[in-house]
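The structure appears below as structure tokens.
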Amino acid sequence: MVYKLRKLFKINDMDAYMVTFVDEKELGLTPAQIDENNCIRKTVVEKMTGREFILADFNWEGNYKPLNSLSYLKGPYHCSSVVEIRLNLDILAFADRDAIYERCLAAVTLGEVVLKRLEQHLDATSNTYQNIISFDMVA
């Protein structure tokens, strides 16, 4: 069945996608920890394992714009944490949202992706930090 779908829609075995997760709670990273890649990875893995992040969106990388993640920090969402993970996904990974979530968790846990970008914004209204964390595939 999968082979027929790939042939019918000319789907490559794997394409790169940007998967976006959000959380309304702060990550709780101190400025000192922000410089530590392992601390950030550990925090993301813990929150993903506990299903604290919500799978908000996934886009084929050709349709993705980096400004997309900023929209989650503003109204109507007002999220405190945005995690982006760029990785190759095949059609089987799209079986359901749980399959996408598990694939991303595995990629971060196993080191298939590395920290590419970290932004920290101060929300003047709540006086709390909002974080955008981006992971990308290992070259």
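Following the working numbering, the residues of the sequence shown are numbered contiguously, the last one being 141. From the three backbone atoms N, C-alpha and C, an ideal C-beta is built for every residue, glycine too.
Problem set entry | Beta-carbon proximity list for alanine 58, same chain, < 7 Å, skipping 5 on both sides | Sequence index remark: in the sequence shown, residue 58 carries index 56 (1-based). The answer, listed in chain order, is Thr22, Phe23, Val24 and Tyr74.
Exercise. Which of the three DSSP states, helix, strand or coil, is assigned to leucine 72?
Worked result: Here residue 72 corresponds to residue number 70 of the sequence shown, with the count starting at 1. Secondary structure of leucine 72 (DSSP, three-state): helix.
Exercise. For asparagine 65, which three-state DSSP category applies?
Worked result: Position 63 of the sequence shown, counting from 1, holds the residue named residue 65. In this structure, DSSP gives asparagine 65 a helical state, which the three-state scheme calls helix.
Exercise. Can you name the start and end residues of the alpha helix (DSSP H) that aspartate 100 belongs to?
Worked result: The residue given as residue 100 occupies position 98 in the sequence shown. Unbroken alpha helix (DSSP H) run through aspartate 100: 99-111.
Exercise. Cβ of leucine 91 within 9 Å of Cβ of arginine 105?
Worked result: By one-based count along the sequence shown, residue 91 stands at place 89. By one-based count along the sequence shown, residue 105 stands at place 103. Yes.
For this session: For valine 85, collect the residues of the same chain with a Cβ closer than 7 Å to its Cβ; drop the 5 residues on either side in sequence, then sort them by chain order.
Result: Residue numbering aside, residue 85 sits at position 83 when the sequence shown is read from its first letter. So the list reads Phe23, Val46, Phe55 and Ile135, once near-sequence residues are dropped.
Exercise. Hey, leucine 89 and alanine 18 are a contact pair by Cβ (cut 8 Å); roughly how many whole angstroms apart?
Worked result: Working through the sequence shown from its first residue, we reach residue 89 at position 87. Working through the sequence shown from its first residue, we reach residue 18 at position 16. The Cβ separation is near 7 Å, so the contact holds.
For this session: Please name the residue in Leu112, Asn133, Phe60 and Gly113 whose C-alpha comes closest to that of aspartate 1.
Result: No statement about residue 1 is possible, as the shown extent of the chain runs from 3 to 141 and does not include it.
Problem set entry | Residue range of the unbroken beta strand (DSSP E) whose run includes asparagine 90 | Counting from one through the sequence shown, the residue named residue 90 turns up at place 88. Its beta strand (DSSP E) spans residues 83-91.
Exercise. For the beta strand (DSSP E) that tyrosine 19 lies in, which residues bound it at each end?
Worked result: For the purposes of this step, residue 19 is taken as residue 17 along the sequence shown, with counting starting at 1. Residue range 17-25 is occupied by the beta strand (DSSP E) that includes tyrosine 19.
For this session: Kindly indicate which residue of Tyr66, Val110, Thr111 and Leu120 has the alpha-carbon position closest to the one of tyrosine 131.
Result: Stepping through the sequence shown from its first residue, residue 131 is reached at position 129. Nearest of Tyr66, Val110, Thr111 and Leu120 to tyrosine 131, Cα basis: Leu120.
Problem set entry | Which of helix, strand or coil DSSP assigns to asparagine 129 | Position 127 of the sequence shown, counted from the first residue, corresponds to residue 129. Residue state, collapsed to three classes: coil.
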